[in-house]
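Report on one structure; see the data block that follows.
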Amino acid sequence: MLEGKVAIVTGGASGIGRATARRLAAVGATVVIVDRDVEMGRAAAAEVGGSFEAADVGRSVDWARVLASVTRRHGGVDLAHLNAGVNTGVWEAVESMTDEQYERIRGANLDGVVFGVRALIPALSARGGGAIVVTSSLAGLVAFSRDPIYTATKHAVVGLVRALGPALKDRRITINAVCPGITDTPLLAEAARQELIDSNFPIISPEQIADAVLSCLTGAFTGEVYVCQAGAPPVAFKFRGVPGPRAVGAEGMSPPDGYV
Ligand SMILES: NC(=O)c1ccc[n+]([C@@H]2O[C@H](COP(=O)([O-])OP(=O)(O)OC[C@H]3O[C@@H](n4cnc5c(N)ncnc54)[C@H](O)[C@@H]3O)[C@@H](O)[C@H]2O)c1
0 MLEGKVAIVT GGASGIGRAT ARRLAAVGAT VVIVDRDVEM GRAAAAEVGG SFEAADVGRS
60 VDWARVLASV TRRHGGVDLA HLNAGVNTGV WEAVESMTDE QYERIRGANL DGVVFGVRAL
120 IPALSARGGG AIVVTSSLAG LVAFSRDPIY TATKHAVVGL VRALGPALKD RRITINAVCP
180 GITDTPLLAE AARQELIDSN FPIISPEQIA DAVLSCLTGA FTGEVYVCQA GAPPVAFKFR
240 GVPGPRAVGA EGMSPPDGYV
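The opening residue of the sequence shown carries number 0 in numbering that gives the first Met the number 0; numbering runs sequentially from there.
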């Protein structure tokens with residue numbers, strides 16, 4: 000299915016990214032794991048017969064190096080899952096968050112997607128087009144008050160994907176997002192995981208998210224945001240139009256004449 004295609008998976012050393020890497024390799028893609036965890040990243044790449052690039056996705060210089068290396072080693076890139084992410088670990092307490100904590104989460108969850116997309120657009124265009132999927136979260140669609148900064152970064156990438164979908168059509172690049180509910184990965188602290196299991200809270204597997212990512216990477220649609228919850232197939236989220244005289248919905252919104 001994806002023979003001859005080269006796919007980058009950020010955060011591919013663990014959890015959802017690792018499951019995507021396995022899924023893409025199983026259908027023939029050459030997978031490049033991009034992660035800041037060198038040991039786990041190398042192991043993940045070896046497992047899928049792919050290659051590994053050590054990088055902090057929140058640093059634009061790292062993206063330049065990754066794209067140059069991928070082009071040298073594999074000839075280019077066709078697909079990307081921009082998935083690396085962290086939470087703050089300072090639940091609720093925005094006022095006690097340090098600059099370092101904020102920069103860490105913004106770097107991984109938002110800058111990592113913005114710099115990734117910026118580096119990928121010319122690279123995918125050079126192959127005649129391609130596909131990008133971003134991992135947001137249910138916290139990209141609803142207010143997750145336990146981690147407001149995580150919520151802010153995940154909302155931001157939903158907006159980016161929706162705005163870029165139409166903008167990249169002419170370049171033959173699709174971009175979509177997946178919004179997983181609580182997923183069984185190492186991001187979930189063990190205590191929280193056990194609490195959820197004990198209360199019969201539905202937890203989705205990373206493999207199910209990987210299936211949704213594959214559908215987005217191979218589909219013709221763009222600018223869509225897929226909700227992925229346990230026990231249900233992925234569903235494209237329908238955004239309501241904004242009330243008011245210029246309520247024209249998500250697409251086709253343009254400034255009035257003379258607007259600067
Ligand atoms: N687990 C969940 O419940 C859940 C739910 C919704 C969304 N998500 C999102 O899914 C994505 C993957 O998370 P996961 O649950 O698989 O977590 P995980 O901790 O298992 O994997 C995240 C990976 O990203 C890498 N990473 C983090 N920051 C990085 C950076 N700056 N540069 C490069 N690599 C970096 C880590 O080293 C790790 O390998 C994240 O964006 C997360 O926000 C997770």
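Where a beta carbon is used, it is the ideal one built from N, C-alpha and C, also for glycine.
Backbone CA spacing between Y258 and D61 [nearest angstrom]: Confidence in Y258 is poor, its pLDDT being 48 and thus under 50, which makes the residue's placement unreliable; the coordinate value appears in the next sentence. The alpha-carbon of Y258 is positioned some 37 Å away from that of D61.
Can you grab the Cα-Cα spacing for the pair G129 / C215, in whole Å? G129 and C215 have their alpha carbons spaced roughly 11 Å apart.
To the nearest whole angstrom, what separates the beta carbons of P185 and S136, a pair I think is in contact under 8 Å? Contact flag wrong, Cβ pair sits at about 16 Å.
Less than 6 Å between C-beta atoms, sequence neighbours within five positions excluded: which residues of the same chain meet that for R239? Answer for R239: no residue qualifies.
Between which two residues does the alpha helix (DSSP H) containing V157 stretch? Element bounds for V157: P147 to A166.
Is it true that the CB of T217 sits closer than 8 Å to the CB of N175? No, the pair does not count as a contact, with Cβ atoms beyond the cut-off.
Could you tell me which uninterrupted alpha helix (DSSP H) segments, each at least 4 residues in length, are contained entirely in the stretch 21 to 46, listed from first to last along the chain? Here the runs fully enclosed are 37 to 46.
Would DSSP call T19 helix, strand or coil? Of the three classes helix, strand and coil, the one that applies to T19 here is helix, per DSSP.
Closest to K153 by CA distance: which of L195, R117, I208 and V224 is it? Residue V224 is the option with its Cα nearest to K153.
Terminal residues of the continuous beta strand (DSSP E) containing G129? Unbroken beta strand (DSSP E) run through G129: G129 to T134.
Just the Cα atoms here: how many angstroms apart are A155 and Q228? Approximately 20 Å between the Cα atoms of the pair.
Okay, do the stretch 10 to 22 and the stretch 39 to 54 touch, 3+ Cβ pairs below 8 Å being the bar? Cβ pair count under 8 Å is three or more, so yes.
What residue ranges within the stretch 162 to 200 form continuous alpha helix (DSSP H) runs of no fewer than 4 residues, ordered along the chain? List check, alpha helix (DSSP H) in window: 189 to 197.
By DSSP, does V224 sit in helix, in strand, or in coil? The DSSP-derived three-state label of V224 is strand.
To the nearest angstrom, report how far apart G40 and P242 are at their CA atoms. Spanning the two alpha carbons is a distance of roughly 46 Å.
Given a threshold of 16 other Cβ atoms within 10 Å of its Cβ, counted over all protein chains shown, does V8 qualify as buried or as exposed? Result: buried.
What number of angstroms, rounded off, separates the C-alpha of A122 from the C-alpha of G27? Just so you know, the alpha carbons of A122 and G27 end up roughly 20 Å apart.
So, helix, strand or coil for E264, using DSSP? Outside the displayed range of the chain (0 to 259) lies residue 264, so it cannot be described from this structure.
Taking V30 as the reference, which of A138, A190, L195 and L213 has the closest Cα? Closest in alpha carbon position to V30, among A138, A190, L195 and L213, is L213.
Among T70, G230, L23 and V93, the one whose alpha carbon lies nearest that of N199: Nearest in C-alpha terms to N199, of all of T70, G230, L23 and V93, is G230.
By Cβ distance, which residues of its chain are closer than 8 Å to A142, with the 5 residues on each side in sequence left out? Result list for A142: T150, in chain order.
Check whether the Cβ atoms of I196 and L187 lie closer than 8 Å to each other. Between I196 and L187, the CB-CB gap reaches or exceeds 8 Å.
Own chain, CB closer than 8 Å to K168, minus 5 neighbours either side, in chain order: T221.
Chain-order list of residues whose beta-carbon lies under 7 Å from that of A249 (same chain, five-residue window excluded): Because A249 carries a pLDDT of 49, less than 50, the predicted location of this residue cannot be relied on, and the following value inherits that uncertainty. Excluding positions up to five away in sequence, the list reads R161 and F238.
Is it the case that the CB of D77 approaches a heavy atom of ligand 1 more closely than 7 Å? For D77, the CB stays at least 7 Å from every heavy atom of ligand 1.
Could you give the distance in angstroms between the alpha-carbon of R58 and the alpha-carbon of H80? For R58 and H80, the gap between their C-alpha atoms comes out near 17 Å.
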